[in-house]
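Visitor: Following this message is one structure expressed as structure tokens.
Residue numbers (the working numbering), protein chains in the order written: chain A, 130 to 289; chain B, 2 to 402.
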């Protein structure tokens, strides 16, 4: 079952027929597993990884370190939820170390991100402090590298 | 007075030894030349992994250069590498080799095979090999002054040499049996039963077993039978292997031979006068591969297995019957029903659909009627290649009834 998800994680467009051959299981079983996973949230969504810089779209990203005060009963989760609900927040993680939340924010320009921090994030009662790092360049995401010329095949066409 | 030194092309040819002059060029070579004149070919003709060596292994090689490891190592290879290797062989195959006396690090398993054959063959000695088999076997035996004796294999015996067929070819001159399972070009693996029978035969006739186990790690759903691990076989088996296939390290040229110390001593003599030692940075990278390359091997095997199932399934569906290859990264479908011979099939397929496969005859006369298709290439490539092969069969109305 895990293997089906591994294949989909690599290529969301793999069809149940293709997967069934690769894992040597009947198509019906693969279909059932996928359907069930879509229903129970094991598979959240199918998305494409877009190389935005290639389109030369202005696209600003910032990694923000957030220190927060945990709350009785709900720990970090309640405040984390208040933060990650903002559509500007692309990803959010609770991390160990000198700060608590690491969030990745995406905006059209620097202004948009700074106003998000100044007007929405920092004023939250439980937020003690924020440190904003603007991303200068994205090299790799979800295991895929950006800005790298498509790997040309270096192997000889026929070898023993 | 005229100059008597030979100057014509013919006379110059006389300068090439007869052994080499009469050695047939690899059947793959001819195809390579044809192929290089055509663009946008999808090649299933490759005999190496499509993965790049895992980064941590490459990084270890770079580190060794940074640190200035640019000198010779001991002839037998770095002690650290031999120790890691001994541990690895014990762990995976339960066979114990002394790192100091029973292991030799070579520049690829190809060097290992050449050393072994040169070390054991007296002029005219016979070495038994499966047919079809890896292209270098008969050539290396001939170059070492021996006589390759092919034993036919076919679909009926799953392309594994049978002990009885071998025995029928044993003569007074037979020195060794050279086997390579999992096999290139067929993907066949040897079962314990067959291996045991061959082991018994080798004891009965006092023959050496040369076991090329380069594909040992690429095995799907069965257990690899390591020849020297069979009871009483370590002392009469020479194990040849390397890192090319398991760790995707073909270009690094690193392999090894493990055997009883009397053999290793003999091999080391030739090795020290020819290669001196395997490349140092490569040896350092190989240490890293052994120390922490296991997850890479496992994930590559898993990926190969998906492609294998996919390719074999599709080959059978489009009408090229293919027995299930349980090792290496090759499928060996039969093309007999098309009425063409292997070479015609491969050439037509290349010219008409731009898909390269290797005719089975490149690996021996028993490869006639088959082609080798390598699945060490991306799934989209495999898919497209098979789509084209399907079209090729339909177009030429070659689909078997």
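Note that the Cβ used here is the ideal one computed from N, Cα and C, for glycine as well.
Taking 8 Å as the CB-CB limit, is residue 145 (chain A) close to chain B?
Guide: To locate residue 145 (chain A), count along the first chain from 1; it is residue 16. So no, residue 145 (chain A) is outside the interface.
Visitor: From what residue to what residue does the alpha helix (DSSP H) around residue 94 (chain B) run?
Guide: Locating residue 94 (chain B) in the second chain gives position 93, counting from the first residue. Unbroken alpha helix (DSSP H) run through residue 94 (chain B): 80-94.
Visitor: Determine the closest residue to residue 150 (chain A) out of B:341, B:373 and B:318, with distance taken between C-alpha atoms.
Guide: Stepping through the first chain from its first residue, residue 150 (chain A) is reached at position 21. Considering only alpha carbons, the answer is B:318.
Visitor: Return the chain-ordered list of same chain residues with a C-beta closer than 6 Å to the C-beta of residue 413 (chain B), the five sequence neighbours on each side being excluded.
Guide: There is no way to answer for residue 413 (chain B), as the model of chain B reaches only from 2 to 402.
Visitor: On a Cα-Cα basis, can you pick out the residue from A:205, A:239, A:288 and A:245 that is closest to residue 101 (chain A)?
Guide: Missing from the structure shown is residue 101 (chain A); chain A here goes from 130 to 289 and no further.
Visitor: State the start and end residues of the unbroken beta strand (DSSP E) segment that holds residue 391 (chain B).
Guide: Here residue 391 (chain B) corresponds to residue number 390 of the second chain, with the count starting at 1. Not the beta strand (DSSP E): residue 391 (chain B) falls in the alpha helix (DSSP H), residues 380-396.
Visitor: Which class does residue 257 (chain A) belong to by DSSP, given the choice of helix, strand or coil?
Guide: By one-based count along the first chain, residue 257 (chain A) stands at place 128. Reduced to three states, the DSSP call for residue 257 (chain A) is strand.
Visitor: Taking the beta carbon of residue 287 (chain A) as the centre, do at least 16 other beta carbons fall within 10 Å, making it buried, or is it exposed?
Guide: Indexing the first chain from 1 puts residue 287 (chain A) at position 158. Buried.
Visitor: Here's the rule: buried if 16 or more other CB atoms are within 10 angstroms of the residue's CB, otherwise exposed. What is residue 147 (chain A)?
Guide: In the first chain, residue 147 (chain A) corresponds to position 18, counting from 1. The residue in question, residue 147 (chain A), is buried, as its Cβ has 16 or more Cβ neighbours within 10 Å.
Visitor: Could you name the residues of the region 49-65 of chain B whose beta carbon sits closer than 8 Å to any beta carbon of chain A, in the order they occur along the chain?
Guide: Per Cβ criterion, the list reads 49 and 51.
Visitor: Taking 7 Å as the line, does the beta carbon of residue 219 (chain A) fall inside it for any heavy atom of the ligand ADP?
Guide: Among the components modelled here there is no ligand, and therefore nothing to report on the ligand ADP.
Visitor: Under 8 Å, Cβ to Cβ, is there at least one residue of chain A near residue 160 (chain B)?
Guide: Along the second chain, read from residue 1 onward, the residue named residue 160 (chain B) stands at position 159. No, no contact with chain A.
Visitor: Would you list the one or two residues that DSSP bridges to residue 132 (chain B)?
Guide: Residue mapping note: residue 132 (chain B) aligns to position 131 of the second chain, counting from 1. Answer is B:153.
Visitor: Taking 8 Å as the limit between beta carbons, can you name the residues of its chain near residue 273 (chain B), skipping five residues before and five after?
Guide: For this step, residue 273 (chain B) is matched to residue 272 along the second chain. Result list for residue 273 (chain B): 76, in chain order.
Visitor: Let me check understanding here. Comparing Cα to Cα, which of A:225, A:183, A:165 and A:175 lies closest to residue 197 (chain A)?
Guide: Along the first chain, read from residue 1 onward, the residue named residue 197 (chain A) stands at position 68. It is A:225.
Visitor: If contact means a Cβ-Cβ distance below 7 Å, which residues of the region 339-370 of chain B contact chain A?
Guide: For the region 339-370 of chain B, which is checked against every Cβ of chain A, the residues closer than 7 Å are 357 and 359.
Visitor: In chain order, what residues of the region 314-341 of chain B put their CB closer than 8 Å to some CB of chain A?
Guide: Cβ contacts with chain A come from 314 and 315.
Visitor: Which residues bound the alpha helix (DSSP H) around residue 110 (chain B)?
Guide: Within the second chain, residue 110 (chain B) is the residue found at index 109, counting from 1. Note, residue 110 (chain B): alpha helix (DSSP H), 109-121.
Visitor: On a CA-only basis, which of B:159, B:154, B:152 and B:122 is nearest residue 141 (chain B)? Give me that one, please.
Guide: Looking up residue 141 (chain B) in the second chain gives position 140. Ranking B:159, B:154, B:152 and B:122 by Cα distance to residue 141 (chain B) puts B:122 first.
Visitor: Name the chain B residues whose beta carbon is nearer than 8 Å to that of residue 150 (chain A)?
Guide: Looking up residue 150 (chain A) in the first chain gives position 21. Within chain B, the residues near residue 150 (chain A) are 310, 311, 314 and 315.
Visitor: With respect to the alpha helix (DSSP H) encompassing residue 176 (chain B), which residues constitute its N-terminal and C-terminal limits?
Guide: Translated into positions along the second chain, residue 176 (chain B) becomes position 175. Taken as a continuous stretch (DSSP letters only), residue 176 (chain B) belongs to no alpha helix (DSSP H), being part of the beta strand (DSSP E) at 175-180.
Visitor: Taking just the CA atoms, how far does residue 294 (chain B) sit from residue 388 (chain B)?
Guide: Here residue 388 (chain B) is taken as the residue at index 387 of the second chain, counted from 1. Here residue 294 (chain B) is taken as the residue at index 293 of the second chain, counted from 1. Computed Cα separation, rounded: 35 Å.
Visitor: What is the DSSP secondary structure of residue 2 (chain B), reduced to helix, strand or coil?
Guide: By 1-based counting over the second chain, the position of residue 2 (chain B) is 1. Low local confidence applies: a pLDDT of 45 at residue 2 (chain B) is under 50, so the model's placement there is unreliable, with the coordinate-based value given in what follows. Residue 2 (chain B) falls in the coil class under three-state DSSP.
Visitor: Express the C-alpha separation of residue 291 (chain B) and residue 86 (chain B) in angstroms, rounding to a whole number.
Guide: Here the question's residue 86 (chain B) lines up with position 85 in the second chain. Here the question's residue 291 (chain B) lines up with position 290 in the second chain. Taking the straight line from one Cα to the other gives about 7 Å.
Visitor: For the region 24-53 of chain B, which residues have a CB atom closer than 8 Å to at least one CB atom of chain A, in sequence order?
Guide: Those residues of the region 24-53 of chain B that come within reach of chain A (Cβ to Cβ, closer than 8 Å) are 27, 29, 32, 33, 36, 37, 42, 44, 46, 47, 48, 49 and 51.
Visitor: Hey, residue 376 (chain B) and residue 332 (chain B) are a contact pair by Cβ (cut 8 Å); roughly how many whole angstroms apart?
Guide: Walking along the second chain from the start, residue 376 (chain B) turns up at place 375. Walking along the second chain from the start, residue 332 (chain B) turns up at place 331. Confirmed, Cβ separation roughly 6 Å.
Visitor: Would residue 233 (chain B) be called buried (16 or more neighbouring beta carbons within 10 Å of its own) or exposed?
Guide: Translated into the one-based positions of the second chain, residue 233 (chain B) becomes position 232. Counting Cβ neighbours within 10 Å, residue 233 (chain B) comes out exposed, since fewer than 16 surround it.
Visitor: What does residue 155 (chain A) reach in chain B if we use C-beta pairs closer than 8 Å?
Guide: Within the first chain, residue 155 (chain A) is the residue found at index 26, counting from 1. Going along chain B, no residue has its Cβ under 8 Å from residue 155 (chain A), so there is no contact; the nearest lies around 13 Å.
Visitor: Can you list, in chain order, the residues of its chain whose CB lies under 6 Å from that of residue 141 (chain A), leaving out five sequence neighbours each side?
Guide: Sequence index remark: in the first chain, residue 141 (chain A) carries index 12 (1-based). Closer than 6 Å at the Cβ level, and outside the excluded window around residue 141 (chain A), lie 175.
Visitor: Answer with buried or exposed for residue 225 (chain B), where buried requires no fewer than 16 other C-beta atoms within 10 angstroms of its C-beta.
Guide: Along the second chain, read from residue 1 onward, the residue named residue 225 (chain B) stands at position 224. Burial call: buried.
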